[in-house]
Amino acid sequence: MKAAQIVQFGPPSVITNTDLPQPEPSTGQLLVRVKAAGVGNWDALIREGKVQLQPLPLVLGAELSGIVEGVGPDVSGFKVGDEVYGATNEQFSGAYAECAQPFAKMMAHKPNTLNFIEAASAPIVTVSAWQMLFDYARVTAGQTVLIHGAAGNVGAYAVQMAKQVGVHVVASASSADLDYVRGLGAEKVVDYQKQRFEDYVSGVDAVLDTVGGDTQQESLQVLKPGGILVSVVSPVSEEVQKRLGIRAAYFYVDVTTARLKKITEMFDSGKMITNVGTVLPLEKARVAHEMLAGAPHKRGKIVLSIEA
19 MKAAQIVQFG PPSVITNTDL PQPEPSTGQL LVRVKAAGVG NWDALIREGK
69 VQLQPLPLVL GAELSGIVEG VGPDVSGFKV GDEVYGATNE QFSGAYAECA
119 QPFAKMMAHK PNTLNFIEAA SAPIVTVSAW QMLFDYARVT AGQTVLIHGA
169 AGNVGAYAVQ MAKQVGVHVV ASASSADLDY VRGLGAEKVV DYQKQRFEDY
219 VSGVDAVLDT VGGDTQQESL QVLKPGGILV SVVSPVSEEV QKRLGIRAAY
269 FYVDVTTARL KKITEMFDSG KMITNVGTVL PLEKARVAHE MLAGAPHKRG
319 KIVLSIEA
């Protein structure tokens with residue numbers, strides 16, 4: 019099978035196209051004929067060696083969609099021929115290939131309303147947004163949340179999800195993305211290229227941080243007492259939380275079948291839309307990673323289309 023692999027850590031140029039033996043599903047795994055694989059920032063961190071979760075060589079890629087071709091021992095709820103989507107494993111690897119062995123507990127049946135490209139763009143970013151809002155911030159109707167990076171892959175889903183449950187959404191985005199974010203459901207949008215969000219926002223119940231750095235530090239000042247900042251970028255120290263009288267949470271996404279089923283319901287009920295950006299063939303995985311590093315590409319999720 020064809021796959022995009024790295025044998026050393028480094029820039030996008032370390033990605034090589036290779037042929038590997040087709041895998042067999044082990045206990046708890048599915049064998050999936052991959053139709054598409056999402057390309058995310060975590061893939062770049064693994065490629066660079068900043069997050070070393072498994073030894074080299076490794077096949078990059080953490081999220082995928084495709085068709086079940088085999089079912090390993092101790093797996094229920096899936097059969098050969100099922101169209102599925104989800105994440106590969108806790109090592110976030112193995113999806114940039116014609117076949118993959120994802121763990122069944124991290125997969126679900128693909129939404130009927132999405133094609134394979136759209137489905138592959140969604141699993142990790144939608145579950146990240148879900149966890150930020152509902153597992154950690156625990157937002158409820160009538161509250162106000164500030165979402166940074168609201169036009170980004172996680173932020174755009176967070177805006178849509180928050181709006182669905184009656185949460186007031188304040189969003190930060192670039193000048194080019196203001197109308198897009200308003201269309202997703204944000205009530206107030208701050209242009210971070212021209213405005214300081216802290217001059218326009220105060221007393222919010224929660225902040226969703228997908229940016230980190232100075233933005234995170236300044237966000238702590240706009241929380242109401244007892245409010246919470248949830249980050250997928252970096253933690254806030256206990257000392258700072260106590261001093262400011264706020265709470266903070268930092269986490270790694272936990273993709274599960276149960277969470278994906280909730281996401282599927284949102285897509286199939288028409289309550290949420292995807293935003294696929296640039297689509298490339300598997301052999302252009304290096305180009306996709308150059309886009310992650312700043313090369314021009316369309317707004318939205320980069321996806322590799324994989325045809326055997």
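In the working numbering, the protein residues as written are 19 to 326. Glycine included, C-beta positions come from ideal geometry on N, C-alpha and C.
DSSP beta-bridge partners of residue i
i, result
"A126", "Y103"
"R18", "Lying outside 19 to 326, the shown extent of the chain, residue 18 is not represented and no answer is given."
"Q23", "T34 and V77"
"R317", "For R317, which the question treats as bridged, DSSP gives no partner whatsoever."
"A224", "V163 and I246"
"L241", "V222"
"K206", "V188"
"G56", "E81 and V321"
Reference residue i, options the options, closest by Cα
i, options, result
"Q213", "L196, A224 and V172", "L196"
"A54", "S220, Q23 and A118", "A118"
"G46", "R277, G84, N107 and L38", "N107"
"G112", "Y268, A194 and R51", "R51"
"Q153", "P30, T34, Y270 and Q26", "Checking the displayed sequence, the identity of residue 153 turns out to be Asp instead of Gln. Of the candidates P30, T34, Y270 and Q26, the one whose C-alpha sits nearest the C-alpha of D153 is Y270."
"D286", "P129, K319 and V77", "P129"
"L76", "Q109, G318, A126 and D227", "Q109"
"A80", "K97, S44 and I142", "I142"
"Q186", "S192, V172, V207 and A169", "A quick correction: the sequence has His, not Gln, at residue 186. Among S192, V172, V207 and A169, the Cα nearest to that of H186 belongs to V207."
"A266", "P253, V273 and V69", "P253"
"T274", "V102, L310 and V294", "V102"
"V89", "A122, D232, F215 and A105", "A122"
"A189", "N133, A168, Q235 and Q178", "A168"
"A21", "P120, N35 and A138", "N35"
"T158", "A147, Q182, E136 and V145", "Q182"
"K319", "A176, Q235, I135 and Q23", "I135"
"V25", "Q70, M19, W60 and L132", "Q70"
"D37", "L49, P30, M19 and S31", "M19"
"D217", "Q239, G263, P91 and P43", "Q239"
"F215", "R200, Q234 and G201", "Q234"
"L48", "D100, V172, L241 and R304", "D100"
"I264", "A147, F96, G221 and E87", "G221"
"L262", "K242, I324 and I281", "K242"
"D272", "S192, L322, S146 and D227", "S146"
"M179", "R156, G58 and T131", "R156"
"G295", "G170, E116, A62 and S249", "G170"
"G104", "G56, E308, G201 and A174", "G56"
"V86", "R317, E116 and R304", "E116"
"K302", "S323, M290 and K316", "S323"
"V321", "I281, N59, G160 and V229", "N59"
"L82", "N133, A137, D61 and G160", "A137"
Where residue i falls, given that 16 or more other Cβ within 10 Å makes a residue buried
i, result
"V258", "exposed"
"P314", "exposed"
"P299", "exposed"
"R277", "buried"
"G288", "exposed"
"L151", "buried"
"K260", "exposed"
"Q72", "exposed"
"E256", "exposed"
"S94", "exposed"
"G244", "exposed"
"G231", "exposed"
"A311", "exposed"
"D92", "exposed"
"Q40", "exposed"
"L74", "exposed"
"G84", "buried"
"Q149", "buried"
"E283", "exposed"
"G201", "exposed"
"V98", "exposed"
Limits of the unbroken beta strand (DSSP E) element including residue i
i, result
"H186", "H186 to A191"
"V145", "That residue, V145, is in no beta strand (DSSP E); its alpha helix (DSSP H) goes P141 to W148."
"R265", "R265 to Y268"
"L298", "V294 to P299"
Extent of the continuous alpha helix (DSSP H) run through residue i
i, result
"L180", "In the sequence as displayed, the identity of residue 180 is Ala instead of Leu. N171 to Q182 is the span of the alpha helix (DSSP H), which, as asked, contains A180."
"D197", "L196 to L202"
"D286", "T275 to D286"
"V305", "A303 to L310"
"V258", "E256 to L262"
"R65", "N59 to E66"
"A137", "F134 to A138"
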